[in-house]
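*Asks:* Got a structure here, written out as structure tokens. Questions coming.
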Amino acid sequence: MLGINNVFVKYGDRTVLNNITFSIFDGDRIGLVGRNGAGKSTMLKIISGAMSPHSGSVAFPKGATVGFLHQDMSLPKGKTVMEETLTALQDAQETQKEIDKLNDELMERTDYDSESYMDLLNQLDELNERLRVMGGATLEVDAQKILMGLGFTSKDFNRLTDEFSGGWQMRIELSKMLLQNPTYLLLDEPTNHLDIESIIWLEEFLQTYEGSVIVISHDKTFLDNVTKRTIEIELGNAYDYKANYSKYLALRAERQSKMKSAYENQQKEIAHKERLIEKFRAKANKAKMAQSLIKELARMDKIELEHTDSSKMKLKFPPAPRGGEVVASAKKVSKRYGDSLILDELDFEIIRGERVAFVGKNGEGKSTFSKILIEQLQHEGEAKLGYNVHLGYYAQNQAETLDQNLTVYETIEQVSPPEMRTKLRSILGSFLFSGEDIDKKVFVLSGGERARLALACLLLRPINFLVLDEPTNHLDMTSKNVLKQAILDYDGTLLVVSHDRDFLVGLTDKTIEFNNRKIKPYLGDIKYFLEKRSFDTFREVSLGKKEEKEATTSNKRPRDKAYNQELKKLKRAVQNAERRVGNLEESIEGYEKKMADTSIMGTPQYDDILKKYNQSQIDLEEAMTKWEEAEAVLTKFESE
């Protein structure tokens, strides 16, 4: 058991960790949650020994090891991917060298019956046993499995680490960490640079990991699938829940509600006693009773409501100007980087009002194609924006491209049209930059603060084509929910590249899969895409199961205005049918939870819920039929 004892950290006037105490047990799967800047990363650094608290301590069991994947890491240059990965088990490599040396010596010896020869055999047995315990016997094979699970190919093993981007270097560091198999594995935002397929692989790996795992992540689905315990850090305090993230939210709300009720009841009781004290204090025959009440109040354990940070950014996109029917289009678009072909003669168009998600493995060209569509990247073939397109673009590294030496206010002022200058302070306030915050230099901002600032810059002009490339990186759960709701309310055309499954659910009406230099459309959101492909996980997608190529015909109906209007109408019918199914499924789930409450069984309330539940089941069957019919009509229309 690892013990965190009265850990205290303070920066200036701000207490980050206020005498926090908790224990980490063998096999724990802990999600460390809280707002950006709450102190989560600080806590992991303290556990790992990378920094010391101002007071308090961390007690490790004897022989325990720690692996810490943090956000600020850099790999040494000059080594191949496999060489760098194998440095994780340097002791095992040294042991293997000793074994090889002894084997060479034994091959030359002929004094088989001598005492020194037997000593060599004993040394060899000891070294082989040590290597077995380290896992060194299968070291390279294990490294290959982990690297391929994280998205590398066998061709990548001999490439220098220098050739890879920061996101891929983070994967190499993660592979080293997993290969070491530490007693306590600390992961700070491990999914930020992973595609969905690699996230799924990592989930499966961590679910069967022998040691304890403590993870910081803003990926709700990842936390739900990996963790079984949640520790929330809020305004310097820690609250421990024996549940994954989704269950923690419900338990937290329930606890806060009960505490609020208890607090209000106690306040009423205190007020009542204080009135009696005032009433009896002046009367001689009641003075003793007043004193008793005063002592009773003094002995009372006062309930204090928890202080929580309820602030959240406010984001609402302005109404989208009307543009042309076709917002962006591509014909036979190809893209090469050197000798590597990334995109191969792609045809694509996005129609006004559509909401499209690009998904697939990293390196398949999602970000590249989105840049081509908005005319920001050279390519082969034809790609262009439509009539009267007002573009709003958030790049994958948008927050990192901000000028580090400008202040928050100077950053937004630099891109603001003159008519918006008087509203800049108000806009920044909506994104939680107030008071002296607006005078902070960009280089002192956290990743989440930079992301909020970059999003604020999108609100300065009306836009009708919103292109977002990994917009949720560095955003906390609250900010992600605000962004998602703002996008749902947005009335323009949307194109989003994201690996965040929870964020994508219900956000788009079309999903484009990128695989092997080609694209394939699916008429639904990310959840629909998975169901349609009949895959349980994205990992199966990454394994590249071959599918029959769609037949193409040269006599397709010309895409005139009437065609586009009818296509849009049929798509809406599919989306509405799907939404109806989703709403009914949520209702049924809600009824099932209510019926599980044994306290209402046999009551009229239970009978009413049961009646609604049965009717919803009937409605669901009808809705599923309509959904299938709508999709069949749409498929037939597109194939004509």
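Quick note, the sequence shown lines up with residues 184 to 823 if you use this note's numbering. Heads up, the beta-carbon is just placed ideally off N, CA and C, and yes, glycines get one too.
Based on Cα-Cα distance, which residue from V816, S400, Q668 and R635 lies nearest to G594?
*Replies:* For the purposes of this step, residue 594 is taken as residue 411 along the sequence shown, with counting starting at 1. The question names Gly, but residue 594 in the sequence shown is Thr. Of V816, S400, Q668 and R635, the residue nearest in Cα terms is R635.
*Asks:* Distance check for I801 and I792, CA to CA, integer angstroms please.
*Replies:* Reading the sequence shown from its first residue, position 609 is the one you call residue 792. Reading the sequence shown from its first residue, position 618 is the one you call residue 801. So the alpha carbons of these two residues sit roughly 14 Å apart.
*Asks:* Who are the near neighbours of F712 in its chain, counting only those whose CB is closer than 6 Å to its CB and skipping five residues on each side?
*Replies:* Locating residue 712 in the sequence shown gives position 529, counting from the first residue. Excluding sequence neighbours, F712 sits near T694 and Y705.
*Asks:* Decide if S238 is buried, meaning its Cβ has at least 16 other Cβ atoms within 10 Å, or exposed.
*Replies:* Counting from one through the sequence shown, the residue named residue 238 turns up at place 55. S238 should be labelled exposed.
*Asks:* List the endpoints of the continuous alpha helix (DSSP H) containing T694.
*Replies:* Along the sequence shown, read from residue 1 onward, the residue named residue 694 stands at position 511. Here T694 belongs to no alpha helix (DSSP H); instead the beta strand (DSSP E) covers K693 to N698.
*Asks:* Of all the alpha helix (DSSP H) runs that stay within the bounds of the segment 437 to 524, which reach a length of 4 or more residues?
*Replies:* Taking only runs of at least 4 residues, the alpha helix (DSSP H) segments lying wholly in the segment 437 to 524 are 470 to 482.
*Asks:* Among E479, E653 and D484, whose alpha-carbon lies nearest the alpha-carbon of F541?
*Replies:* In the sequence shown, counting from the first residue as 1, residue 541 sits at position 358. Of E479, E653 and D484, the residue nearest in Cα terms is E653.
*Asks:* Take the Cβ of S400 as the centre, count every other Cβ of all protein chains shown within 10 Å, and call the residue buried at 16 or more, exposed below.
*Replies:* Translated into the one-based positions of the sequence shown, residue 400 becomes position 217. It is buried - the Cβ of S400 has at least 16 other Cβ atoms within 10 Å.
*Asks:* Alpha carbon to alpha carbon, what distance is there between S257 and T344?
*Replies:* Against the sequence shown, residue 344 aligns to sequence position 161. Against the sequence shown, residue 257 aligns to sequence position 74. Answer to the nearest angstrom: the Cα atoms are 10 Å apart.
*Asks:* Check the C-beta distance from I709 over to V688 and give it rounded, since I have them as a contact under 8 Å.
*Replies:* As a working note, residue 709 is residue 526 in the sequence shown. As a working note, residue 688 is residue 505 in the sequence shown. I709 to V688, Cβ: 6 Å. Contact.
*Asks:* Taking Cβ positions, are I382 and D402 nearer each other than 9 Å?
*Replies:* Residue 382 sits at position 199 when you count from the first residue of the sequence shown. Residue 402 sits at position 219 when you count from the first residue of the sequence shown. Going by C-beta atoms, I382 is nearer than 9 Å to D402.
*Asks:* In three-state terms, what does DSSP make of A155?
*Replies:* As shown, the chain starts at 184 and ends at 823. That puts residue 155 outside it, with no answer to give.
*Asks:* Could you tell me the alpha carbon to alpha carbon distance between V324 and S337, rounded to whole angstroms?
*Replies:* Walking along the sequence shown from the start, residue 324 turns up at place 141. Walking along the sequence shown from the start, residue 337 turns up at place 154. About 12 Å.
*Asks:* May I have a chain-ordered list of the alpha helix (DSSP H) segments no shorter than 4 residues that lie completely inside the segment 281 to 353?
*Replies:* Listed in chain order, the complete alpha helix (DSSP H) runs (minimum 4 residues) inside the segment 281 to 353 are 298 to 317 and 322 to 332.
*Asks:* With respect to the alpha helix (DSSP H) encompassing E632, which residues constitute its N-terminal and C-terminal limits?
*Replies:* Working through the sequence shown from its first residue, we reach residue 632 at position 449. Looking at the DSSP string, the run of the alpha helix (DSSP H) that includes E632 is G630 to A639.
*Asks:* Would the segment 637 to 646 count as touching the segment 543 to 551 if we require 3 or more Cβ pairs under 8 Å?
*Replies:* Counting Cβ pairs under 8 Å, fewer than three are found: no touch.
*Asks:* Under a three-way DSSP split, which group does Y796 fall into?
*Replies:* In the sequence shown, counting from the first residue as 1, residue 796 sits at position 613. Y796: helix per DSSP, three-state reduction.
*Asks:* Given that a residue counts as buried once 16 or more other Cβ atoms are within 10 Å of its Cβ, and exposed if not, what is Q758?
*Replies:* If you number the sequence shown from 1, residue 758 lands on position 575. Counting Cβ neighbours within 10 Å, Q758 comes out buried, since at least 16 surround it.
*Asks:* Does S206 pass the burial test, meaning 16 or more other C-beta atoms within 10 Å, or should it be called exposed?
*Replies:* On the sequence shown, position 23 is the one that residue 206 refers to. By the 10 Å Cβ count, S206 comes out exposed.
*Asks:* Quick check: what's the CA-CA separation for Q668 versus L368?
*Replies:* As a working note, residue 668 is residue 485 in the sequence shown. As a working note, residue 368 is residue 185 in the sequence shown. So the alpha carbons of these two residues sit roughly 34 Å apart.
*Asks:* Residue range of the beta strand (DSSP E) that D652 falls in?
*Replies:* Residue numbering aside, residue 652 sits at position 469 when the sequence shown is read from its first letter. Here the beta strand (DSSP E) through D652 covers F648 to D652.
*Asks:* Which residues does DSSP pair with S206 in a beta bridge?
*Replies:* Indexing the sequence shown from 1 puts residue 206 at position 23. In the DSSP output, where bridge partners are listed per residue, S206 has G186.
*Asks:* Do A637 and L677 count as a contact pair if the criterion is CB distance below 9 Å?
*Replies:* Taking the sequence shown and counting its residues from 1, one reaches residue 677 at position 494. Taking the sequence shown and counting its residues from 1, one reaches residue 637 at position 454. No, the Cβ-Cβ distance between L677 and A637 is not below 9 Å.
*Asks:* Less than 9 Å between the beta carbons of R212 and T410, yes or no?
*Replies:* Sequence index remark: in the sequence shown, residue 212 carries index 29 (1-based). Sequence index remark: in the sequence shown, residue 410 carries index 227 (1-based). Yes; because the gap between Cβ atoms is below 9 Å, this pair is in contact.
*Asks:* Given a cut-off of 9 Å, decide if E393 and N427 are closer than it, judged by their beta-carbon atoms.
*Replies:* The residue labelled residue 427 in the question sits at position 244 within the sequence shown. The residue labelled residue 393 in the question sits at position 210 within the sequence shown. No, the Cβ-Cβ distance between N427 and E393 is not below 9 Å.
*Asks:* Should the segment 561 to 578 be called in touch with the segment 497 to 510, which here means at least 3 C-beta pairs below 8 Å?
*Replies:* Enough Cβ pairs lie closer than 8 Å, so yes.
*Asks:* May I ask you to verify whether the segment 213 to 222 touches the segment 427 to 445, counting CB pairs closer than 8 Å and requiring at least 3?
*Replies:* Counting Cβ pairs under 8 Å, three or more are found: they touch.
*Asks:* Compute the Euclidean distance between the alpha carbons of T786 and T808, then round it to the nearest angstrom.
*Replies:* Taking the first residue of the sequence shown as position 1, residue 786 is located at position 603. Taking the first residue of the sequence shown as position 1, residue 808 is located at position 625. Looking at the two C-alpha atoms, the distance is approximately 34 Å.
*Asks:* Based on the DSSP secondary-structure assignment, which residues constitute the bridge partners of F251?
*Replies:* Within the sequence shown, residue 251 is the residue found at index 68, counting from 1. Looking at the DSSP assignment, F251 forms a beta bridge with L369.
*Asks:* I think K359 touches A271, with their Cβ atoms under 8 Å apart; what is that distance to the nearest whole Å?
*Replies:* Residue mapping note: residue 359 aligns to position 176 of the sequence shown, counting from 1. Residue mapping note: residue 271 aligns to position 88 of the sequence shown, counting from 1. Right, their Cβ atoms sit about 4 Å apart.
*Asks:* At the level of alpha carbons, what is the spacing between L649 and R604?
*Replies:* Residue mapping note: residue 649 aligns to position 466 of the sequence shown, counting from 1. Residue mapping note: residue 604 aligns to position 421 of the sequence shown, counting from 1. Spanning the two alpha carbons is a distance of roughly 22 Å.
*Asks:* Grab the span of the alpha helix (DSSP H) containing E537 for me, first residue to last.
*Replies:* Here residue 537 corresponds to residue number 354 of the sequence shown, with the count starting at 1. Neither: E537 is in no alpha helix (DSSP H) and is coded neither H nor E.
*Asks:* Specify, as a first and last residue, the run of the beta strand (DSSP E) that Y576 falls within.
*Replies:* Sequence index remark: in the sequence shown, residue 576 carries index 393 (1-based). Per DSSP, Y576 belongs to the beta strand (DSSP E) from L574 to Y577.
*Asks:* Please check if any C-beta of chain D sits within less than 9 Å of the C-beta of Y431.
*Replies:* You won't find chain D in this structure, because it holds only one protein chain.
*Asks:* Determine the DSSP secondary structure at G214, reduced to helix, strand or coil.
*Replies:* Numbered from 1 along the sequence shown, position 31 holds the residue referred to as residue 214. Reduced to three states, the DSSP call for G214 is strand.
*Asks:* Since S238 sits in a beta bridge, which residues does DSSP pair it with?
*Replies:* Indexing the sequence shown from 1 puts residue 238 at position 55. F191, per the DSSP bridge assignment.
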